[in-house]
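When the letters of the sequence shown are read in order and numbered with UniProt numbering, they come out as residues 1 to 130. See below for the structure under consideration.
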Amino acid sequence: MMTDPISDMLTRIRNAQIVRKSEVVFPYSKMKFAIVKILEKEGYLQKVEQITEAKFSVIRIELRYDNDQPKIQMVRRISRPSNRVYAKSTDLPKVLSDIGIAIVSTPNGLMTNKEARARHLGGEVICEIS
Numbered sequence: 001m002m003t004d005p006i007s008d009m010l011t012r013i014r015n016a017q018i019v020r021k022s023e024v025v026f027p028y029s030k031m032k033f034a035i036v037k038i039l040e041k042e043g044y045l046q047k048v049e050q051i052t053e054a055k056f057s058v059i060r061i062e063l064r065y066d067n068d069q070p071k072i073q074m075v076r077r078i079s080r081p082s083n084r085v086y087a088k089s090t091d092l093p094k095v096l097s098d099i100g101i102a103i104v105s106t107p108n109g110l111m112t113n114k115e116a117r118a119r120h121l122g123g124e125v126i127c128e129i130s
C-alpha cells in the first residue's frame with residue numbers, strides 16, 4: 001500500500017531524469033495532475049497529458065532537458081502525511097533565492113510560492129523544485 005502518492009510521483013520524475021528517460025507514466029489523481037500542470041507552465045516539463053485506458057487513467061509527462069542536463073535539478077517533498085507544513089504568505093519559502101519554485105496548496109487551489117505571495121495567500125507547502 002502506498003501512503004504518499006505525491007512523493008511517489010516526485011521520486012519517479014527524479015529517477016527518470018537520472019537515467020535520462022524521455023517520459024514518465026504514473027497513476028492519475030487530481031492533485032498530481034495539478035502539480036505537473038504547474039511544472040509544465042513553469043517550464044520544467046515538456047508536455048503533460050491525461051490518458052484514459054480501459055478502467056483507470058494515467059498521467060504521461062515528457063521531461064525537458066537543456067544541453068543534455070535535466071531541467072529539474074532538485075525535487076524535495078516538504079509536507080508529508082505524517083508532518084504537514086503550513087506557511088503564511090509572508091513566510092513562504094524562497095527556493096534558491098526565488099530561482100526555483102515551491103508548490104503551495106492554498107484556499108484558491110494549487111499555485112507557486114511566487115503567485116501565493118503576490119495574492120497574499122498562505123497554505124500547505126507541498127514541495128520545492130529547482
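For every residue, glycine included, the Cβ atom is placed at its ideal position computed from N, Cα and C. Computed from a prediction, not measured in an experiment: that's the story for all the values here.
Could you give the distance in angstroms between the alpha-carbon of Y65 and the alpha-carbon of I101? Taking the first residue of the sequence shown as position 1, residue 65 is located at position 65. Taking the first residue of the sequence shown as position 1, residue 101 is located at position 101. Roughly 18 Å between the two C-alpha positions.
With distance defined between alpha-carbon atoms, name the residue in A118, E23, D8 and P93 nearest to P70. For the purposes of this step, residue 70 is taken as residue 70 along the sequence shown, with counting starting at 1. That would be E23, whose Cα lies nearest to the Cα of P70.
If you check the beta carbons only, do P107 and L121 fall under 8 Å apart? The count along the sequence shown starts at 1 and reaches residue 107 at position 107. The count along the sequence shown starts at 1 and reaches residue 121 at position 121. Taking 8 Å as the Cβ cut-off, P107 and L121 qualify as a contacting pair.
In angstroms, rounded to a whole number, what distance separates the CA positions of A87 and A16? Stepping through the sequence shown from its first residue, residue 87 is reached at position 87. Stepping through the sequence shown from its first residue, residue 16 is reached at position 16. Spanning the two alpha carbons is a distance of roughly 30 Å.
Uninterrupted beta strand (DSSP E) stretches inside the region 28-103 (no shorter than 3 residues): 45-52, 57-63 and 75-77
What does the Cβ neighbour count give for G109, buried or exposed, with the cut at 16 atoms within 10 Å? By 1-based counting over the sequence shown, the position of residue 109 is 109. Exposed is the call here.
Integer Cβ distance of V85 from E124, believed to fall under 8 Å: To locate residue 85, count along the sequence shown from 1; it is residue 85. To locate residue 124, count along the sequence shown from 1; it is residue 124. Going by Cβ atoms, the distance from V85 to E124 rounds to 7 Å, so yes, they are a contact pair.
Cutting at 6 Å between CB atoms, please list the residues of its own chain near E40, excluding the five before and the five after it. For this step, residue 40 is matched to residue 40 along the sequence shown. Closer than 6 Å at Cβ, skipping near neighbours: V48.
Alpha carbons only, please: which of I13, P27, R20 and R14 is nearest the one belonging to M2? Taking the sequence shown and counting its residues from 1, one reaches residue 2 at position 2. Checking every option, the nearest Cα to that of M2 belongs to P27.
Quick one, which of R80, V19, N67 and S130 has its alpha-carbon nearest K94's? In the sequence shown, residue 94 corresponds to position 94, counting from 1. Residue S130 is the option with its Cα nearest to K94.
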